[in-house]
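Written out below as structure tokens is the structure these notes cover.
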Amino acid sequence: MPKLYFYLKRGKDFSCSLVKKKINIGRSEDNEITIDDPYSSSHHAIIESSDDGFMIRDDSSKNGTFVNGVEIFTKTPLKKGDEVLLGSTRICFDKELLTSVDVSDVPTSHTALNTVIPIDNILKKSDIYQTLGPTSAPADLKQVKAEYNALSVLNEVSNALLLHKPLKELMDQIMELICDHLPMDRGILMIKEGQPPQLIPKIIRIEKEDLKSKSIKVSQSIINMVLDQHSSVLTSDAQSDTRFKEQESVIQSNIHSAMCVPLWNNQEIIGIVYLDRISLLDQFSEDDLKLLTLLSNLAAVKIENAKSIEDAIAKEKLEKELELASQIQQDLLPKEQPASEKFDIAGTNIPCFQVGGDYFDFFSIGPDRIGIVIADVSGKGMGAGLLMAGFRAGLHAEIHHNYAIKKMVEKMNDFVHRDTTTNQFITFFYCELDEKEGKASYVNAGHNPPVVLDKKGKIIRLERCGLCLGMFPGAEYEVNEIPLNIGESALLFTDGIPDSRDEKENDFEEKRMIDIFKKNAKLSAQEIMDKICKEVETFTSGAPQQDDMTLVIIKRIA
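This note's numbering puts the first residue of the sequence shown at 15, with every later residue one more than the last.
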């Protein structure tokens, strides 16, 4: 049975087995697993089993869910050894960390640091070019030799990193190359990930077997100096230097010498590299610090390039999946308008993203009865689209020739509440047209009130008669009726239409939509719908679409 291993910024690490098919994780105590993490949401993520294994999905968290450093937006499969980041909490799937990295908050005196060099001073054009050039002063042969060695190493490493590799494989190779040229006992490559960004150990190298079971203590103060001052830091002979009395994280680890440098990609620091020596007698030198800084700069650029390539591949894959999902979703919407001798009906859906959360549908319920639904799932994108697809399936199972509207709506409310998170719901309007009696029986569950235009040009609103679906279990809903006489029309819509904005952030507004509806009342349902859509398109020209837009027009013609 797979296990989850939790590594917390504060509090004790723990593990648990995945004994349930669905596990909610977050700060709230009503989760199956509660984590004490101020950067985690009350309900942050969900892990659930499937036929293919375990999947994780974000639960509409504030700071996002990251798997192996990449933020996820859809259900994502988990493989052994995958690392999940929720806020500042690190989770390893079915594989325990053999060596942990403990970043200590013990304050450090600046006088305890042997060498601190700003990275700009190291990354500027090497002095070797001036040393080897024409000069009247005698060359510093020791400096020339050190810089020539550094350039040779950089050239070798650069050639070794020419070919593209997957990010994890690349970081492994980078640490291996660093260790080859700067012998050490332990090394860590840490990358900034998550929201808020934090340093996550990605590669840990332990050269001596007896050190592999021990935690690596790294001073938070040294890391802060590297990040805040854009500097490389060298500490040497910590055991004999009286200036390290306050450096508990250094003294307790018996560190003989250590270096910490930024992974600077020429634009920002994306992480750090830390090396230390415990058993090796030779201390790191200032030349070692400069070489590690140069290697880390090269590594940071390569890492960013690899991330860009992987992001592009992932984006292309996601776009293809979204295109397929969009096509599937559009296939779930009505292909044609319902046939009726008494009513002229037209509907359309324009998603904001490739996959949207708006929904409309038509139902043939035996002779002389037509069901019409329009709904809006909270949120946008793939999550909203998946909820809409499940909701549609449930609705089609409930609407049949001998159903009761009230009972159907209340069952769908409980279905949505049971199968969604606390911050997801559906605004829902359903009406059944009776062709014999010329009336509409309807329920409005928190949806934008549809507009009915009577023969005298008066506007009637079909106001809400219950909460949005999914907000509370066991909610009751009232069924109302309204006559639809010959020549009268109804306008059903989602808020994406009145809330559409132009380039100056002005709203299209309901009044404008209703005025178009009234002005074109004598046209067919399809023509009225086309007029409204055209006006919205003209109004928003040049501005991005803000939300899904759905529209249904009903006209009584006989």
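We put the beta carbon where it would ideally sit given N, CA and C, even for glycine.
For residue i, the three-state DSSP class (helix, strand or coil)
i      : result
Asn534 : coil
Lys226 : coil
Leu481 : coil
Arg475 : strand
Val117 : strand
Phe405 : helix
Phe298 : coil
Thr521 : One point to set straight first is that residue 521 is Asp, not Thr, in the sequence displayed. Residue state, collapsed to three classes: strand.
Glu502 : coil
Lys93  : coil
Asn458 : strand
Ala389 : strand
Thr307 : helix
Asn494 : strand
Asp433 : helix
Phe553 : helix
Asp108 : coil
Val232 : strand
Ile136 : helix
Gly201 : strand
Ile384 : strand
Ile327 : helix
Sheet register partners of residue i (DSSP bridge)
i      : result
Ala59  : Ile39, Asp72
Pro464 : Pro464 pairs with nothing; no bridge assigned.
Gln584 : Because the chain here runs from 15 to 572, residue 584 falls outside it and cannot be looked at.
Pro276 : Ile286
Ile364 : Met563
Gly67  : Ser64
Thr88  : Thr88 is not bridged to any residue.
Thr48  : Gly40
Ile131 : Ser246
Per-residue burial, residue i [other beta carbons within 10 Å of its own, 16 or more giving buried]
i      : result
Gln341 : exposed
Phe28  : exposed
Gly380 : exposed
Leu498 : buried
Thr552 : exposed
Leu181 : buried
Phe507 : buried
Lys316 : buried
Arg475 : exposed
Gly67  : exposed
Ala320 : buried
Asp73  : buried
Lys35  : exposed
Lys331 : exposed
Pro365 : buried
Pro276 : buried
Asp6   : Examination of residue 6 is not possible in this model, given that the chain is present from 15 through 572 alone.
Leu177 : exposed
Gly361 : buried
Asp50  : exposed
Ser172 : exposed
Ser166 : exposed
Residue nearest to residue i in terms of C-alpha spacing, selected from the options
i      : options                        : result
Glu97  : Lys17, Ser235, Leu175          : Lys17
Asn135 : Cys479, Glu300, Gly480, Leu476 : Glu300
Pro215 : Leu447, Thr113, Lys533         : Thr113
Asp44  : Lys425, His57, Cys106          : His57
Gly399 : Leu336, Ile384, Lys420         : Leu336
Asn280 : Tyr19, Leu137, Glu223          : Leu137
Asp358 : Ile567, Gly83, Tyr53, Met15    : Ile567
Leu305 : Asp509, Asp194, Lys425         : Asp194
Met273 : Ile386, Ser250, Ser293         : Ser250
Cys445 : Asp433, Thr434, Asn458, Phe439 : Asn458
Leu175 : Ile47, Ile188, Arg570          : Ile188
His431 : Phe486, Leu409, Arg24          : Phe486
Phe531 : Met198, Leu401, Ser235, Glu502 : Glu502
Ser638 : Ala360, Arg515, Leu184         : In the structure displayed, the chain extends from 15 to 572; residue 638 sits before or after that span and is not available.
Lys450 : His410, Arg478, Asn494, Arg383 : Arg383
Supposed close pair residue i, residue j - CB separation, criterion 8 Å
i      : j      : result
Lys356 : Gly484 : That belief does not hold up - the Cβ atoms of Lys356 and Gly484 are roughly 34 Å apart, past 8 Å.
Trp278 : Ile133 : 6 Å
Asn77  : Gly208 : 7 Å
Ile388 : Phe374 : 5 Å
Ala504 : Pro464 : 6 Å
Leu248 : Thr129 : 4 Å
Asn363 : Leu346 : Asn363 to Leu346, Cβ: 10 Å. No contact.
Glu424 : Tyr491 : 6 Å
Ile511 : Val550 : 6 Å
Gly371 : Gly393 : 6 Å
is_contact[residue i, chain D] using C-beta, thresh 8 Å
i      : result
Asn416 : Protein chains in the displayed structure number just one, and chain D is not present.
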